[in-house]
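*Asks:*
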Amino acid sequence: MSQNKVIIAGGGLVGSLAACYFAKRGWIVELYERSPDPRKSDSNERITRRSINLAISTRGLSAINRVDPDLKKKVMDIVLPMYGRMIHDLDGKLNGQSYSPHGEFINSIDRGLLNQILLTECEKYPTTTIFFEHSLESCNFENKTAVFKNIATGQDITASADLIIGADGAWSTARRYLQYSTRVNLEQTYIEHAYCELEMKPKNGEFAMVKDHLHIWPRKTFMLIALPNLDKSFTCTLFMPWSKFNSIKTEEDLFKFFEEYFPDSIPLFGKEGILEYFKNPKGPLFYVKCTPHHYKGNGVIVGDAAHCTVPFYAQGMNCGFEDIEILDTLLVEQAAPLVDPTDNEATKDVKTNRLTNSQIEAALIKYTACRPRDSASMIDLAMHNYVEMRHSVSMLSYKIRNWIEKKLHLVFPKTIIPLYSMVSFSKMSYTNAVAQWNKQTDWLRFAINSITRVSLITAAFFAIKYGGPRLGYRLPAISEITKLIKK
Ligand code: FAD
Numbered sequence: 035m036s037q038n039k040v041i042i043a044g045g046g047l048v049g050s051l052a053a054c055y056f057a058k059r060g061w062i063v064e065l066y067e068r069s070p071d072p073r074k075s076d077s078n079e080r081i082t083r084r085s086i087n088l089a090i091s092t093r094g095l096s097a098i099n100r101v102d103p104d105l106k107k108k109v110m111d112i113v114l115p116m117y118g119r120m121i122h123d124l125d126g127k128l129n130g131q132s133y134s135p136h137g138e139f140i141n142s143i144d145r146g147l148l149n150q151i152l153l154t155e156c157e158k159y160p161t162t163t164i165f166f167e168h169s170l171e172s173c174n175f176e177n178k179t180a181v182f183k184n185i186a187t188g189q190d191i192t193a194s195a196d197l198i199i200g201a202d203g204a205w206s207t208a209r210r211y212l213q214y215s216t217r218v219n220l221e222q223t224y225i226e227h228a229y230c231e232l233e234m235k236p237k238n239g240e241f242a243m244v245k246d247h248l249h250i251w252p253r254k255t256f257m258l259i260a261l262p263n264l265d266k267s268f269t270c271t272l273f274m275p276w277s278k279f280n281s282i283k284t285e286e287d288l289f290k291f292f293e294e295y296f297p298d299s300i301p302l303f304g305k306e307g308i309l310e311y312f313k314n315p316k317g318p319l320f321y322v323k324c325t326p327h328h329y330k331g332n333g334v335i336v337g338d339a340a341h342c343t344v345p346f347y348a349q350g351m352n353c354g355f356e357d358i359e360i361l362d363t364l365l366v367e368q369a370a371p372l373v374d375p376t377d378n379e380a381t382k383d384v385k386t387n388r389l390t391n392s393q394i395e396a397a398l399i400k401y402t403a404c405r406p407r408d409s410a411s412m413i414d415l416a417m418h419n420y421v422e423m424r425h426s427v428s429m430l431s432y433k434i435r436n437w438i439e440k441k442l443h444l445v446f447p448k449t450i451i452p453l454y455s456m457v458s459f460s461k462m463s464y465t466n467a468v469a470q471w472n473k474q475t476d477w478l479r480f481a482i483n484s485i486t487r488v489s490l491i492t493a494a495f496f497a498i499k500y501g502g503p504r505l506g507y508r509l510p511a512i513s514e515i516t517k518l519i520k521k
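Be aware that the sequence shown starts at 35, since it is given in the numbering used here, and climbs by one per residue.
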């Protein structure tokens with residue numbers, strides 16, 4: 035029986051992980067990537083189009099581990115753990131806020147290196163072929179064919195397969211062609227903020243700030259953040275409304291802005307580092323929610339192609355990796371129903387038999403039943419977290435709730451779970467995490483209201499009991515109240 039074949043458009047983070055999974059299951063894999071091979075030194079289009087580094091957490095690591103625990107080890111060798119946020123106040127005071135009461139952490143990782151590891155991993159399988167500098171031009175989901183342009187020769191080639199996967203990022207061509215095949219509901223929203231990256235070089239060969247935290251300078255309507263890199267530098271990202279970016283025109287404007295809002299960062303960046311602001315691109319931020327993600331048993335979109343998000347919960351890639359883990363689970367379920375498809379050990383060496391189109395379709399129907407909803411929840415969480423990162427983290431009410439939630443979590447670990455833990459340190463679906471958090475918010479509100487009411491009544495009682503007689507008032511005795519009631 036011949037093997038199934040998959041075409042994957044886009045060899046970024048999610049596409050290259052998908053290639054690893056399908057190759058591992060014994061499929062013939064053709065991976066088409068528009069850019070040159072990032073592992074070749076003369077390839078100067080480094081994978082820095084989006085961000086230089088990013089944070090990988092439980093969902094992303096779980097998906098990598100399911101391919102191969104050794105692959106996860108390779109990835110963990112190049113991460114830097116971040117145990118919490120380090121808030122930089124305007125006066126330069128630092129305030130550390132841990133991510134978890136159990137010491138859990140997220141990991142800063144170089145996007146380019148991670149992509150290279152995944153590309154090398156999928157190439158280990160003899161059934162994988164990667165076509166660099168091949169751009170997806172069009173895609174026919176009905177007859178399972180895709181046209182790619184060879185950028186070097188300008189020639190078009192047509193490829194066909196049992197399944198087409200669109201992993202071609204935020205401006206996905208595959209998503210556009212999916213809309214020609216089926217009725218796709220789509221919401222694309224640009225937010226008023228943009229981002230610009232700056233580099234904070236090492237100081238005297240060492241990290242310029244503590245390395246095991248994600249640094250944030252929250253300034254209400256905008257913020258600066260910094261993630262550590264293996265070379266002891268930090269990649270800093272300024273998130274601001276376009277109007278603010280546009281208002282900084284001269285060096286004088288720029289330095290005035292830094293002196294006013296990020297004074298403690300000036301000696302850390304140095305003049306040169308700050309001036310990078312003018313050289314570096316300003317990127318737009320937007321999100322895309324769409325459904326369905328698939329067409330029959332013929333094609334599916336994954337990663338940013340299906341759910342591009344604003345980056346404030348550091349979940350875009352993590353969610354994209356989770357897409358692939360879930361897709362694999364559903365396909366394995368079709369192929370080998372006797373194996374528990376969610377059990378990593380049991381599925382480790384499972385090569386799926388050739389799947390029929392209706393088996394693939396059954397898996398994709400289940401996929402669309404959960405992923406558009408969950409990725410939309412992830413996007414809502416990211417939008418919410420932007421306000422939290424640039425403003426709430428420095429507010430007393432936020433700190434109190436955070437403190438109460440962490441303490442309650444230690445007493446009732448299954449009932450009260452901090453939102454950040456559900457999103458970053460668990461694999462609970464994003465939708466369930468949001469529902470659980472809303473429930474917790476109601477409980478906390480009820481508890482705080484009740485405590486406030488009881489405290490006010492108690493205070494009023496004692497005030498009247500002890501202060502009242504001096505002012506000519508006294509609390510009526512119980513016998514007097516009974517008499518009044520009897521009357
Ligand atoms: P991409 O990484 O965009 O890859 C798509 C690939 O497809 C690219 O290689 C591209 O060249 C290729 N391609 C595009 N069009 C074609 C075509 N027509 N034909 C062939 N190939 C094509 N996520 C996190 O989880 N944690 C973070 O900390 C985090 N930080 C972020 C910070 C910023 C500033 C931004 C903008 C995003 C951040 N993200 C983060 C989100 C993360 O970058 C994306 O979710 C992730 O890159 C999605 O991976 P992808 O493979 O789907 O898309």
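Using N, Cα and C, we set each Cβ at its ideal position, and we do this for glycine too.
Could you pull out every residue in the same chain whose Cβ sits closer than 8 angstroms to the Cβ of Ser36, ignoring the five residues on either side in sequence?
*Replies:* On the sequence shown, position 2 is the one that residue 36 refers to. Hits under 8 angstroms: Arg388.
*Asks:* Can you give the beta carbon distance from Arg73 to Leu153, rounded, assuming they're within the 8 angstroms contact cut?
*Replies:* To locate residue 73, count along the sequence shown from 1; it is residue 39. To locate residue 153, count along the sequence shown from 1; it is residue 119. 7 angstroms between Cβ atoms; contact.
*Asks:* Report yes if the C-beta distance between Leu220 and His328 is below 8 angstroms; otherwise report no.
*Replies:* The residue labelled residue 220 in the question sits at position 186 within the sequence shown. The residue labelled residue 328 in the question sits at position 294 within the sequence shown. The answer is no: Cβ separation not under 8 angstroms.
*Asks:* Would you say the beta carbon of Leu88 is closer than 7 angstroms to some non-hydrogen atom of ligand 1?
*Replies:* To locate residue 88, count along the sequence shown from 1; it is residue 54. Yes, ligand 1 has a heavy atom inside 7 angstroms of this Cβ.
*Asks:* With hydrogens ignored, establish whether the beta-carbon of Val63 is closer than 7 angstroms to any heavy atom of ligand 1.
*Replies:* Position 29 of the sequence shown, counted from the start, is the residue given in the question as residue 63. No; taking the cut-off as 7 angstroms, the Cβ of Val63 has no heavy atom of ligand 1 nearer than that.
*Asks:* Considering only heavy atoms of ligand 1, does any lie closer than 7 angstroms to the CB of Thr179?
*Replies:* The sequence position of residue 179 within the sequence shown is 145, counting from 1. Thr179 Cβ: outside cutoff for every heavy atom of ligand 1.
*Asks:* Can you tell me which residues form a DSSP beta bridge with Asn141?
*Replies:* The residue given as residue 141 occupies position 107 in the sequence shown. Looking at the DSSP assignment, Asn141 forms a beta bridge with Ile90, Pro115.
*Asks:* Any heavy atom of ligand 1 closer than 7 angstroms to the Cβ of Asp104?
*Replies:* Reading the sequence shown from its first residue, position 70 is the one you call residue 104. Checking the Cβ of Asp104 against ligand 1 gives no.
*Asks:* Got a sec: is the Cβ-Cβ distance from Thr376 to anything in chain C below 8 angstroms?
*Replies:* In the displayed structure, chain C is absent; only one protein chain is listed.
*Asks:* Report the option in Glu226, Thr486, Leu415 whose CA atom is closest to the CA atom of Gln470.
*Replies:* Locating residue 470 in the sequence shown gives position 436, where the first residue counts as 1. Closest option to Gln470, Cα to Cα, is Leu415.
*Asks:* Please tell me whether Leu65 and Ile98 are closer than 8 angstroms, where the distance is taken between their beta carbons.
*Replies:* For the purposes of this step, residue 65 is taken as residue 31 along the sequence shown, with counting starting at 1. For the purposes of this step, residue 98 is taken as residue 64 along the sequence shown, with counting starting at 1. Cβ distance not < 8 angstroms, so Leu65 and Ile98 don't count as in contact.
*Asks:* Specify the secondary structure class of Met456 as computed by DSSP and reduced to three states.
*Replies:* On the sequence shown, position 422 is the one that residue 456 refers to. Looking at Met456 - three-state DSSP - the assignment turns out to be helix.
*Asks:* Counting Cβ pairs, one atom from each stretch, are 3 or more of them under 8 angstroms apart for the region 267-277 and the region 191-201?
*Replies:* No: the two stretches stay apart, fewer than three of their Cβ pairs being nearer than 8 angstroms.
*Asks:* Can you find at least 3 beta carbon pairs, one from the region 335-353 and one from the region 453-466, that sit closer than 8 angstroms?
*Replies:* Yes, they touch.
*Asks:* Ordered along the chain, which non-local residues of its own chain (more than five positions away) have a Cβ less than 7 angstroms from that of Leu88?
*Replies:* In the sequence shown, residue 88 corresponds to position 54, counting from 1. If we look at Leu88 and ignore the five residues flanking it on each side, its Cβ neighbours are Ile143, Arg145, Ala348, Met351.
*Asks:* Comparing C-alpha positions only, which one of Lys382, Leu453, Lys499 sits nearest to Ile438?
*Replies:* Here residue 438 is taken as the residue at index 404 of the sequence shown, counted from 1. Selected option, being the one with the closest Cα: Leu453.
*Asks:* Between which two residues does the beta strand (DSSP E) holding Tyr420 run?
*Replies:* To locate residue 420, count along the sequence shown from 1; it is residue 386. Premise fails: Tyr420 lies in the alpha helix (DSSP H), 391-424, not in any beta strand (DSSP E).
*Asks:* If Tyr55 and Asp298 are in contact, beta carbons under 8 angstroms, what's the gap, nearest whole angstrom?
*Replies:* Position 21 of the sequence shown holds residue 55. Position 264 of the sequence shown holds residue 298. Contact flag wrong, Cβ pair sits at about 45 angstroms.
*Asks:* Would the C-beta of Asn352 count as close to ligand 1, meaning under 7 angstroms from any of its heavy atoms?
*Replies:* As a first step, residue 352 must be located in the sequence shown, where it is residue number 318. Because some heavy atom of ligand 1 lies under 7 angstroms away, the Cβ of Asn352 counts as near it: yes.
*Asks:* Going by beta carbon distance, what residues of the same chain come within less than 7 angstroms of Ser169, once the five residues before and after it are set aside?
*Replies:* To locate residue 169, count along the sequence shown from 1; it is residue 135. Cβ neighbours of Ser169 beyond the five flanking positions: Arg68, Phe182, Lys183, Ile185.
*Asks:* Find the nearest neighbour of Ser277 within the set Ile300, Glu226, Asp476, judged by alpha-carbon distance.
*Replies:* Within the sequence shown, numbered from 1, the residue matching residue 277 stands at position 243. When each option's Cα is compared against that of Ser277, the closest is Glu226.
*Asks:* When every heavy atom of ligand 1 is checked, does at least one fall within less than 7 angstroms of the C-beta of Leu47?
*Replies:* Here residue 47 refers to the residue found at position 13 when the sequence shown is read from its first residue. True, at least one ligand heavy atom lies under 7 angstroms from that Cβ.
*Asks:* According to the neighbour-count rule (16 or more other Cβ atoms, all chains shown, within 10 Å of its Cβ), is Asp357 buried or exposed?
*Replies:* By 1-based counting over the sequence shown, the position of residue 357 is 323. Buried is the call here.
*Asks:* Could you spell out the range, first to last residue, of the alpha helix (DSSP H) harbouring Ile358?
*Replies:* Counted from its first residue, the sequence shown places residue 358 at position 324. It spans 350-369 - the alpha helix (DSSP H) in which Ile358 sits, taken as one unbroken run.
*Asks:* Please state whether DSSP places Val109 in a helix, a strand or coil.
*Replies:* Position 75 of the sequence shown holds residue 109. In the structure shown, Val109 sits in a helix (DSSP, three-state: H, G or I).
*Asks:* Per the DSSP calculation, Glu67 is bridged to which residue(s)?
*Replies:* Here residue 67 is taken as the residue at index 33 of the sequence shown, counted from 1. Paired residue(s): Phe166.
*Asks:* Taking only the alpha-carbon atoms, compute the straight-line gap between Gly126 and Pro252 and give it to the nearest angstrom.
*Replies:* To locate residue 126, count along the sequence shown from 1; it is residue 92. To locate residue 252, count along the sequence shown from 1; it is residue 218. Approximately 12 angstroms between the Cα atoms of the pair.
*Asks:* Among Ser96, Cys173, Thr92, Glu240, which residue has its Cα nearest to the Cα of Tyr214?
*Replies:* In the sequence shown, counting from the first residue as 1, residue 214 sits at position 180. Of the listed residues, the one whose Cα sits closest to Tyr214 is Cys173.
*Asks:* Is Ala2 near ligand 1, in the sense that its beta carbon is under 7 angstroms from a heavy atom of that ligand?
*Replies:* Residue 2 cannot be examined here, being either before or after the span of the chain that is shown, 35 to 521.
*Asks:* Note down, in chain order, each residue of its chain lying with its Cβ closer than 7 angstroms to the Cβ of Ile282, except the 5 sequence neighbours on either side.
*Replies:* Taking the first residue of the sequence shown as position 1, residue 282 is located at position 248. Correct list, in chain order: Leu288, Phe291.
*Asks:* Are the CB atoms of Thr325 and Asp408 within a distance shorter than 8 angstroms?
*Replies:* Taking the sequence shown and counting its residues from 1, one reaches residue 408 at position 374. Taking the sequence shown and counting its residues from 1, one reaches residue 325 at position 291. No, the pair does not count as a contact, with Cβ atoms beyond the cut-off.
*Asks:* Which term fits Arg83, buried or exposed, when burial requires 16 or more other beta carbons within 10 angstroms of its beta carbon?
*Replies:* To locate residue 83, count along the sequence shown from 1; it is residue 49. Annotation note: pLDDT 49 at Arg83 (below 50); position unreliable, coordinate value reported separately. Exposed, by the Cβ-count rule.
*Asks:* When you compare only the Cα positions, how much space is there between Leu490 and Gln131?
*Replies:* If you number the sequence shown from 1, residue 490 lands on position 456. If you number the sequence shown from 1, residue 131 lands on position 97. So the alpha carbons of these two residues sit roughly 32 angstroms apart.
*Asks:* Relative to the C-alpha of Thr496, which residue among Thr486, Arg508, Ile485 is closest?
*Replies:* As a working note, residue 496 is residue 462 in the sequence shown. Residue identity check: residue 496 is Phe in the sequence provided, not Thr. Of the listed residues, the one whose Cα sits closest to Phe496 is Arg508.
*Asks:* For a test of the three-state rule: what should DSSP assign to Tyr133, helix, strand or coil?
*Replies:* Counted from its first residue, the sequence shown places residue 133 at position 99. It is coil, neither helix nor strand.
*Asks:* Let me confirm a value: Lys305 is counted as buried when at least 16 other C-beta atoms fall within 10 Å, else exposed. Which label applies?
*Replies:* Taking the sequence shown and counting its residues from 1, the one referred to as residue 305 is at position 271. That one is exposed.
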